[in-house]
Amino acid sequence: MSIGRLVIALILLVAVGSATAGWLVMSHRQAQNRIEVAYPEGVAAVVPLGISAGQAPTLNIGVANPLADDPNSVQDGKKLFRTMNCASCHGYGATGGMGPNLTDTAWRYGGTPIEVYKSIYEGRPQGMPAWGNALPPQTVWQLVAYIQSLGGTFAARPVSYTSPSPANPDQASQTGQKQ
Amino acid sequence: MRVLLAVAAMTAATGSVQAQSSPAQSSPEQSSPAQASFSGATASFAGAGQPGEWTSQARDYANTRFSPLDQITRETVGKLQVAWTFSDGTQYGHEGAPLVVGDTMYVVSPYPDTAYALDLSQAGPAIKWKFDPNPSPQAIGKACCDAVIRGWAYADGKLIYNLLDDHTVAVDAATGKEVWRTQMDDVAKGVTMTQSAFVADGKVFVGNSGGEMGVNGWLAALDVATGKEIWRAHAVGPDKDVRIDGTFKPFYDWMKGKDLGVTTWPADQWHTGAGASWGFVSYDEQTKTIYYGTSNPGPRVPLQRPGDNLWTSAMFARDPQTGMAKWGYQFTPHDQWDYDGVNEAVLLDMPIDGKMRQTLVHFDRNTYAYTIDRNTGEVLLADNFAYQNWSTGFDFKTGRPIVDPALEPKPEVKLDRVCPPDIGQKDWEPPAFSPDTGLLYVGVFNICMGLTNHEVSYIAGTPYDGMEMERFSVDGPDGNWGGLLAWDPAHGKKIWEIPEKFMVMSGVIATASDLIFYGTTDGWFRAADAWTGKVLWSKKLGSGIIGQPITYLGPDGRQYVAVAAGVGGAAMVQSGRPGFLPRGNTIYVFSVNGETVQTAADAAPEAIGAVKQP
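Chain order of the listed sequences is A and B. Start counting the first sequence at 1; every next residue gets the next number (the numbering used here). Start counting the second sequence at 1001; every next residue gets the next number (the numbering used here).
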């Protein structure tokens, strides 16, 4: 009982502290992106027309969820989604509430597994707490696995916007399609 | 004669009231000033500005939302047209009332809480100044029910309001420059501020939001001139925190005792017990007493917090100078359905059983309408104003509602139909009082919930909630979700009701010409006869209405009626229903025939380069 209480208290302390840090980190990172990211010739905008923001190219897009093939991770992630109060914000069906819908393909901060991981880890400016110091990587990946199972995320491999032709079915299947 | 008129009025009410827009039919026969008040209730209108002004959210300290204006009558209301509009461009719920002081209208947008002063003497009108306080976006995701603001206050040349990120700010009303800004709490812990600041007795009273976030609820008094905190009274915790001492005199024995804000909770759980104060405050100038309500307890799962959970879902009467509590009364002990007690107190004097009583009238989310002796906290009347099924009656000896045990939620067990749902059959939307009819006019819901509770842990900055719900009409899939009703507070009974397809979550106003105005969450703005409920005028606006209407005299001497259309907040539980409008952000201002200020600058500009006709 008292140990459980202590653990929760510890989580809280860390979560509160890192929420603030997460906001600072985010602002900095966004500013960096605006300056440093160069788009290849012929790409008109950050989010190319007709392609969801969830699939916009960002750093480390190629990192896959190491637990993607673990059958228990989705169930563990679903349990965590409730116990860590994610459900109270994003809805018990993850379709949105105080926080955004996690089952559709619109992702403010990217919808590949690593981007979802980073959103959980760092927190986000509009109230998403930073869980990176409170939860170990394995736990965050379990949450990502659950969110991936809901169907709105994108594949872990980089996407080329220059040649999404049917000649390359592997790429075509990734343009805006749910997994 | 009088009886005949009353009978005619009642017939009109039962026979002709329509839920949907009826074309404006003027009804000149209905002017009957000799008609007798239903209740004999009266109010002090202290704290109101000039007759043509609207200087506080409720217009006066008693919270009547009654205007003495009578230019727009039951005969001319059918000719109301849009005079002008103002859009602030934000997309969260628009819940506040514009204020009119002199020739200026003051409005504040929902997050990012931008303030505007509009010069009503100019055609258009013109923006005098704009103030952007830049609150932290973190607050958006900490607000349970949309990034709203329920109003703002004007006092001593300052516009004073709460920012969603837990600051109270005062802006110079003449220049739009910030005068002071006081940090009231920490948004990272899930605390937000959506309440409307209220000014009386030289102080500004502000409270917190976050009943779903395990906050520690409070109401604070700040100095109007400096923003310095004078006192802060919590709803949970030891008597010292709650500002209770030997002068505290609750009416009922079970609310007497030491540190009940601690002992009616499991050990140490009061810290996260909520009891936030985000509703309207009222003030009795004679007895120098403020009245306000407190929110639900946290977490919302009742099995995790056995006990009465004082002083959540309750009302306090306090001394504005010291903050010390005079009395307290808990509407829903051990609140199991998130019924809160935040709804406003309307201060009225009325004869009850032949004796004049100084009362407050409170429509609780739990669906009891209370008429309470405002000097003692004694419940004089407690009657259901709409359908509910959680309570089988009211025990006047103890002042406690009797709970149906079958509707007490248990974790992971679904209750199929609890009425009302968490947001009550009336949420924060404030009623109006007419001293002519003696009635209160209140927007209500007609809904229930399916409820499954899940046990939760407290994690700062995240919801301490655990209620999984869906809401639906009391009357089945095709049933109405709301209505507007006229309530006799001296006899505890409904006089008439205008049924509405969608929830009525707007404020209501009443005028000296016996009109009431209200809006629906599907965008109908309506005027009705205060005696009969006959709808005399309706206009569909661009979004659902959850704002509070006002009426005022412009610098041109015309009477205007204004309301914001910008749906959001708890009204979004209907977002999946056909006919529900998108969000919006426009204040609509109406006058007879749409006539308004015309100035030289407003004359059509002359085209340049046009060839003159020979």
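Cβ atoms here follow ideal geometry from the backbone N, Cα and C, with glycine treated the same way. Computed from a predicted structure; not experimentally measured.
- The three-state reading of DSSP puts A/Ser88 in helix, counting H, G and I together.
- A/Thr83 reaches chain B at Ser1457, counting residues in chain order whose Cβ is nearer than 8 Å.
- Under the three-state reduction of DSSP, B/Tyr1368 is assigned to strand.
- The region 1507-1559 of chain B contains, as complete beta strand (DSSP E) runs of 3+ residues, the segments 1509-1511, 1515-1519, 1524-1529, 1535-1540 and 1550-1553 (chain order).
- Neighbours of A/Tyr92 in chain B, taken as residues whose beta carbon is under 9 Å from its own, are Thr1452, His1454 and Glu1468 in chain order.
- Separation of B/Gly1492 and B/Thr1371 (C-alpha to C-alpha, rounded to the nearest whole angstrom) is 8 Å.
- B/Pro1605 is classed as exposed because its beta carbon has fewer than 16 other beta carbons within 10 Å across all chains shown.
- Below 8 Å, too few C-beta pairs join the region 1148-1156 of chain B and the region 1121-1131 of chain B to call them touching: fewer than three.
- Restricted to the region 1070-1124 of chain B, the beta strand (DSSP E) segments that are unbroken, complete and at least 3 residues in length are 1080-1087, 1099-1101, 1104-1108 and 1115-1119, listed in chain order.
- Using a CB distance cut-off of 8 Å, A/Gln126 counts as an interface residue toward chain B.
- With respect to the 8 Å criterion, B/Arg1305 and B/Trp1265 are classified as neighbours on the basis of their beta carbons.
- For the region 1124-1141 of chain B, the beta-carbon criterion of a distance under 9 Å to any beta-carbon of chain A is satisfied by Ser1136, Pro1137, Gln1138, Ala1139, Ile1140 and Gly1141.
- Proximity of B/Thr1462 to chain A, defined by a Cβ-Cβ separation below 8 Å, is satisfied.
- For B/Leu1069, same chain residues with a beta-carbon under 6 Å away, outside a window of 5 residues either side, are Thr1511, Thr1551 and Gln1559 in chain order.
- Within the region 1394-1420 of chain B, no residue has a Cβ lying closer than 8 Å to any Cβ of chain A.
- Under DSSP, B/Asn1216 shares a beta bridge with B/Ala1274.
- With a threshold of 8 Å between beta carbons, A/Gly62 makes no contact with chain B.
- Put simply, of B/Met1324, B/Ala1490 and B/Phe1525 the residue whose alpha carbon is nearest the alpha carbon of B/Gly1507 is B/Phe1525.
- Note on geometry: alpha-carbon atoms of B/Asp1223 and B/Trp1231 lie some 10 Å from one another.
- Under the Cβ criterion of 8 Å, B/Asp1166 is not counted among the residues facing chain A.
- In this structure, DSSP gives A/Gly77 a helical state, which the three-state scheme calls helix.
- B/Gly1482 is positioned such that its CB atom lies closer than 8 Å to that of B/Phe1445.
- Around the CB of B/Val1413, fewer than 16 other CB atoms lie within 10 Å, so the residue is classed as exposed.
- In the pairwise beta carbon analysis, the region 1175-1192 of chain B is classified as not touching the region 1237-1257 of chain B: fewer than three pairs are separated by under 8 Å.
- Scanning its chain for C-beta atoms nearer than 6 Å, with the 5 sequence neighbours on each side dropped, one finds around B/Phe1086 the residues Ile1587, in chain order.
- Assigned with DSSP and collapsed to three states, A/Thr103 falls in coil, not helix or strand.
- For A/Ser119, the closest Cβ of chain B is not nearer than 8 Å.
- Annotated as distal: B/Thr1398 and B/Phe1385, with beta-carbon spacing of 8 Å or more.
- Contacts with chain B at 8 Å (Cβ-Cβ) include A/Pro129.
- Excluding residues up to 5 positions away in sequence, Ala1097, Ser1506, Gly1507, Val1508, Ile1509, Phe1517, Tyr1518, Gly1519, Phe1525, Val1561, Ala1562 and Val1563 lie with their Cβ nearer than 8 Å to the Cβ of B/Pro1549 in the same chain.
- Residue contact with chain A for B/Asp1422: absent (no Cβ-Cβ distance below 8 Å to any residue of chain A).
- Against A/Gly99, the close residues of chain B are Gly1141, in the order they occur along the chain (beta-carbon pairs closer than 8 Å).
- B/Ile1352 sits close to B/Ala1490, with the two beta carbons spaced by under 8 Å.
- Contact between B/Val1281 and B/Phe1363 is ruled out by a C-beta separation of about 16 Å, above the 8 Å threshold.
- Scanning chain A for C-beta atoms nearer than 8 Å to the C-beta of B/Asp1465 yields Asn85 and Ser88, reported in chain order.
- When DSSP states are grouped into helix, strand and coil, B/Gln1050 belongs to the coil group.
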